Amino acid sequence: VKYLPLIWAALARRKLRTILTILSVTAAFTLFGVMMGTDAAFQQLVDVINRSVVVTFPRFANNLTDTMGQQLAAMPNVGAVSPGGSVNGYYRDPKLQAGLMMVGGEAGWPNLPLSHAQWAEWRARPDGAFLSRQTAAQWGVKKGDIFNIIDNTTLRADGGKAWRFQVLDVLDDTPYWPGGFSFGSYQYFRMSRPVADQPKAGWFQAVVKNPAAAEETAIAIDARFANSPVPTDSISERTMRSTSGTFFVNVAVVTRRVAAVGLFMILLLTAHGMAQSVRERLGEFAVLKTIGYSDGGVIALVFAEALAPVILGAGAGLGLAALLAARIPKLLPSLFLPEPYLSPAVIAQALFAVVVLAFLSVILPALRLRRLDVAAILAGRT
Amino acid sequence: MIFLRACLAAVRLNLVSLRQRIWPALVVVVGVACVVATLLSMLSMTIGLRHTWQRAGSPDRAIILHATAQEEGDGTTVSRAEAQIIKDAPGIAHDAKGRAIVDPEITTGLVVRRRDTGGRGNIQLRSFGPEALALRPEFRIVAGRMYQAGKHEMVVGAEAPGQFIGVGLGDKITMPDGLWPVVGVFKSNDDLVQSQLVADSDTVMPVLRQTAYTSVTVRLEAANALAMLKRALTTNPALAVKVERQSDYYNRRSAEFSDLSDALVYGVGVLLGLGALLAAVNILYSAVMARRCEIATMRALGFGAAPVALAVAIEGLLLSLAGAVIGASLAYGLFNGVQDVSGNVAFHLIISPAMIALGLAWALSIGLIGGALPAIHAARLPVADGLRAS
């Protein structure tokens, strides 16, 4: 505590320099927060995924059959199996793309945020649909509304293209589906199709008993159907999600690289600032040493002096990043970027970066202070 | 004239004393180099990817999709009957034998292994009809031979083997009815087709149990024949299709991702640039403070305020210019031409002269703005105080 006035005096002496340093650290940490936050948000998308789900698609463009579901369920390590389908088209306006996932039941879909009562409602109302707030807002529908999705790709038994649904409820969004969700009943999907199409499922969701062996189970499923009329392509849901983040570019690599460049620039700046500040005040440090401050004490003083603006700037930068974060998905809707998430891990990384920055920037000045020739400086012989 | 000479002398004095301020100067240079290198490396990605998409489109071709389709291969199809009607539409070019240059194609994903992660990947298989080569003059075989229609074989784009395992010349691709050998390698104007597999439509479709096409591409009789073709096809009650110039189609599709990734890139560029700008102000300002005595002496000798200020500003510009040159050469050396993958499209990172010019402009604005405040400060230093400051 006794050092505080000294640190303050040192920083206040060069007000402009201190303010500029704080501002540039702020810019760098805003970038750091947004970049690492985006990275963390992608990681979170993967982390929220239930490890126990394996998804089985047809390997080629032909449909899976219902009987395969029974064969899947009989395989080792496979528990509940549930078929899935999709209604994809538009609502009201061909430009307003809309679609629903048609789910086979709660057993295969542990990630859907529905209560038992809601599942019961879902079973009782085959044409019912559950929408997330985000999706309901996009489509402009509310609870109880009836809406039609026009789907040109899935044949209906009645020859029409309109799939009628009623909104059973609008649910809170979950991090599992950052872009919102909407789903209906597979039973409705199945019974609305022509008889010949009814046994065709879009995909299967299998819940495995031992999540650690999910990947092996996916391989076993594909091996099981390799020589059947419908070869499969299975993947654990977690793996599927963790690779879909690389759709545009490898986001993780880009974000981390940019964050690192920003920090490197700030390191150069603070290191230079500290070196200069120490050089200008050698006399002062000589006096401090003469009146009994230890080497360590003086170096701690310099370290604290380096740390203070970096901490202030980092705090302000992360604050700005948090403000920006809420706006980024709205500014860049079709990039599929999740909202940057300033997780505790990101904050910890920022703190770590702050300490490392301050530490690295005082190494050289500290060495110089240790070798300080007090007598020579006080005598003005430098 | 005297003013000019005074300026030159002031700049020279500044640059000579730069040797004693080499470390702070390097901080500005390296900072600006970081900004320029980052900006260019991110731009090289979005621009490289956009070029790969846009090269696939040609203004003298039109792509015909189902009326409600958003993109090729989104599940919507054009039936065989519709494709037959399209062949008789006006505005379409004909080959030497009098056949309309119309190519109905299907595209579908095949599961393969990615080379970078070893994990599951998805390569696009495109099917060609008999008129495909007349439609696509840019398509040429560079190794092996073209597939023979009717045979269960395919050719692979030159970019594909770099991103997927087991799709090279001589490899065999798993299809529903067994293994199809890859008999040739093709190039296609370095566009996105060059990342795909190509096989014969009439052979592929029954094997994949597909009965309809995902798109029909035609060669236009003349560049202005599009309106005629569009009118004929969209007013025909037997068709439910939409017609778009192929270059417009690929421009639109690539704009969907590139406009927004541009926003991201420039956002990062501005923030990083701001950091470097503040650093430059800081350092140039300290340099002015350190040279207070020198500047005051110059003023006392009769140098005006303007040459002194100008010299500081020019120093800022020169330092950031040096940084820009270093950053741009780094980015060029490390990234230009490197293959990258987005989804299932391989592309090459591009650092074009225009982008380098942008990097230079970015750096010079950092130098200009960064030098302005310290320059004004230098011009306003009281001479008497400065002379006493040693």
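Read top to bottom, the protein sequences are chains A and B.
Under the working numbering, the first residue of the first sequence is numbered 5, with each subsequent residue one higher.
Under the working numbering, the first residue of the second sequence is numbered 4, with each subsequent residue one higher.
Quick reminder that beta carbons are idealized off the backbone N, C-alpha and C, glycines included.
These numbers were taken from a predicted model, which means no experiment stands behind them.
- The DSSP-derived three-state label of W113/A is coil.
- At least 8 Å separates the beta-carbon of A16/A from that of E309/A.
- With three or more CB-CB distances shorter than 8 Å, the stretch 181-198 of chain B counts as touching the stretch 56-66 of chain B.
- By the neighbour-count criterion, in which 16 or more other beta carbons inside 10 Å mark a residue as buried, F208/A falls on the buried side.
- The beta carbon of Y216/B does not come within 8 Å of any beta carbon belonging to chain A, so the residue lies off that interface.
- For P93/B, the three-state secondary structure derived from DSSP is coil.
- Using a C-beta cut-off of 8 Å, the stretch 35-49 of chain A makes contact with the stretch 351-364 of chain A, since at least three inter-stretch Cβ pairs fall below that distance.
- Going by DSSP, L355/A is part of no beta strand (DSSP E) but of the alpha helix (DSSP H) stretching over P348 to R374.
- The residues N54, S56, V57 and V211, in chain order, have a CB closer than 8 Å to that of P114/A in the same chain once the five nearest residues on each side in sequence are set aside.
- Within the stretch 158-211 of chain B, the runs of alpha helix (DSSP H) at least 4 residues long that lie entirely inside it are, in chain order, 163-166 and 204-210.
- Excluding its 5 nearest sequence neighbours in each direction, A13/B has C-beta neighbours in its own chain below 8 Å: M301, F306, P310, V311, L313 and A314, listed in chain order.
- Within chain B, the residues whose beta carbon sits less than 8 Å from that of Q101/A are Q73, listed in sequence order.
- E156/B is not a Cβ neighbour of S198/B, given a cutoff of 8 Å.
- Burial is judged here by how many other beta carbons sit within 10 angstroms of a residue's own beta carbon; L7/B has fewer than 16 and is exposed.
- Below the 8 Å Cβ cutoff, chain B contributes N285, Y288 and S289 as neighbours of R21/A, in chain order.
- Interface residue (Cβ-Cβ distance to chain B less than 8 Å): N231/A is not classified as such.
- Counting other Cβ atoms within 10 Å of its Cβ, A330/A stays below 16 and is therefore classed as exposed.
- For the pair A40/B and A334/B, the CB atoms are nearer than the 8 Å cut-off.
- A direct Cα-to-Cα measurement between F142/B and L136/B gives close to 7 Å.
- By DSSP's assignment, L384/B forms no beta bridge with any residue.
- Nearest Cα to A200/A within the set D155/A, A78/A, N81/A and R160/A: R160/A.
- DSSP places P356/B within a helical segment (H, G or I) once states are collapsed to three.
- Of all residues in the stretch 145-166 of chain A, only N156 and T157 place a beta-carbon less than 7 Å from a beta-carbon of chain B.
- T120/B and I223/A have their C-alpha atoms roughly 17 Å apart.
- Pairing F260/B with V201/B gives a Cβ-Cβ distance that is not under 8 Å.
- With contacts defined as CB atoms closer than 8 Å, I66/B and Y216/B fail to qualify as a contacting pair.
- When the five nearest sequence neighbours on each side are left out, the beta carbons in the same chain lying within less than 8 Å of the beta carbon of I303/A are those of V366, A370, L373 and R374, in order along the chain.
- Under the 10 Å beta carbon count, N17/B is surrounded by 16 or more other beta carbons and is classified as buried.
- Between S289/B and V31/B, the C-beta gap is not smaller than 8 Å, which leaves the two residues out of contact.
- For M269/A, at least one C-beta of chain B is nearer than 8 Å to its own C-beta.
- A282/B belongs to the set of residues whose beta carbon lies under 8 Å from a beta carbon in chain A.
- For the 8 Å CB-CB criterion, M79/A and R228/A form a contact.
- In the structure shown, the three-state DSSP call for Y95/A is coil.
- Per DSSP, Q48/A has no beta-bridge partner at all.
- Y95/A and G164/A have their C-alpha atoms spaced approximately 15 Å apart.
- Residue burial annotation: N227/B is exposed, with fewer than 16 other C-beta atoms found within 10 angstroms of its C-beta.
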